[in-house]
Amino acid sequence: CLLATLMLGSRSTLAGNRTYFPFFSDFKGHNVTALRIGESSALASIFLMALVGNVWGICLLVRRQHRRLCAANCLVLNLFCADLLFITSIPFIAVVRWTESWELGDFVCHMLLYVMSLSGGVVILSLSAVSLERVVSIARLRRAAFRRRKALAAALLFIWGFAALATLPLCCFFNVVRLPAAASEDIHICTLVWPTIAGEIVWDVTFAVVFFLIPGLIIVISYSKILQITKASRRSLNAGLAYTENHQIRVSQQDYK
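Going by UniProt numbering, the first residue of the sequence shown is number 1, and it counts up by one from there.
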C-alpha cells in the first residue's frame, strides 16, 4: 500500500515510531479516475439533497412566523442550520479525493473536521433538547420547557457554545503533516496530532459520554415517557367511552320500560 509505505518511510523523519491516519486523503495509485468520479458523484448528490431538504424545511418553519414559532420549532430550525453547516465540508472533501495530497492549506485543515464535529454535536444536543421539551410540554409540568424567549435563546447559545468548546481540540491539533514520498515530491496530509496519548484518551471518552451516551439516554427516556403518557391517556379515554356507552344503554332501557 502506497500510504503505508509513506508512513513507514516517515517514521524516522517525523516523530520516531509514529504513524498518521490520513482522514481525508486517499492514495489509491493509478487508474482510479472512475472511482473518483463515483465518489464525487455520491458526494455531490448528498450535498444537493441535504441542501434542498434543509432549505425547504427552513422555509416551512419560517412561514409559520405569523403564528409565533414555538420552542420545539426553533430547536428544529437549529437542527436545519447545523445540517447546512455540516454539508459545507463536502466540497472540500471532494477536492481532496482528487488531489490526494492535501493542497488546501493549514487553515482549512484546522477548521474542516472541527466544523463537522461542531455541527454534529449541535445536531445531537438539539435532538435531545427537542425530546426533553416535548416530554415536559406533554406532561404539563410547565406550559413549555423554553417558554420565554430569553430562556430559548440561552438554550440555543449554550448548545452552540458548548459544542464549539468541546470540539475545540480538533481545531487545535489538526495539522498538515509532510510525508516524504519514495519517488520525488513530498506528500501532505491533514491529520490529527495529539500532544499526548493520555490527552487523546481522556478527550475521546469524554466526548463519547457527553455527546453520545448522555444525549442518547435523554432521547430514549423522554420518548419512553411520552409513549407511557400516550398509552395511559388512551386507556383512560377507552375506559371513559366504555362507561359512557354502558350508561347510555341503561338509560335507554329505563326509558323503554
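Backbone N, C-alpha and C fix where the C-beta goes; we use that ideal spot for every residue, glycine too. Keep in mind it's a predicted model, so treat the numbers as computed, not measured.
Buried or exposed (CB count within 10 angstroms, at least 16 for buried), residue i
i	result
Ala82	buried
Trp98	exposed
Thr167	buried
Trp56	exposed
Ser25	buried
Val115	buried
Ser128	buried
Ala155	buried
Reduced DSSP category for residue i - H, G, I as helix; E, B as strand; rest coil
i	result
Phe21	coil
Leu61	helix
Cys190	strand
Val202	helix
Pro169	helix
Thr196	coil
Glu185	coil
residue 258	Outside the modelled stretch of the chain, which goes from 1 to 257, sits residue 258, for which no answer is possible.
Val52	helix
Gly216	helix
Distance, residue j Cα to residue i Cα
i	j	result
Thr88	Leu213	27 Å
Ile187	Thr33	19 Å
Thr230	Ser224	10 Å
Ser117	Ile90	13 Å
Ala42	Ile226	38 Å
Ser126	Ala181	44 Å
Leu157	Val220	24 Å
Trp160	Leu48	25 Å
Val176	Val205	25 Å
Ala72	Thr196	41 Å
Leu104	Ile218	39 Å
Arg36	Phe92	14 Å
Leu85	Ser119	6 Å
Arg178	Ile189	7 Å
Ala164	Ser101	28 Å
Glu39	Phe211	29 Å
Arg149	Tyr20	47 Å
Leu132	Cys109	36 Å
Leu14	Cys171	The predicted model places Leu14 with a pLDDT of 46, which falls under 50 and marks its position as unreliable; any figure quoted below should be read in that light. Distance between the alpha carbons of Leu14 and Cys171: 21 Å.
Continuous alpha helix (DSSP H) stretch holding residue i: start and end
i	result
Val209	Unbroken run through Val209: none, as it is neither H nor E.
Val123	Gly105 to Ala139
Arg97	Ile90 to Thr99
Val76	Ala71 to Ile87
Arg149	Arg149 to Ala166
N- and C-terminal bounds of the beta strand (DSSP E) containing residue i
i	result
Val176	Phe174 to Leu179
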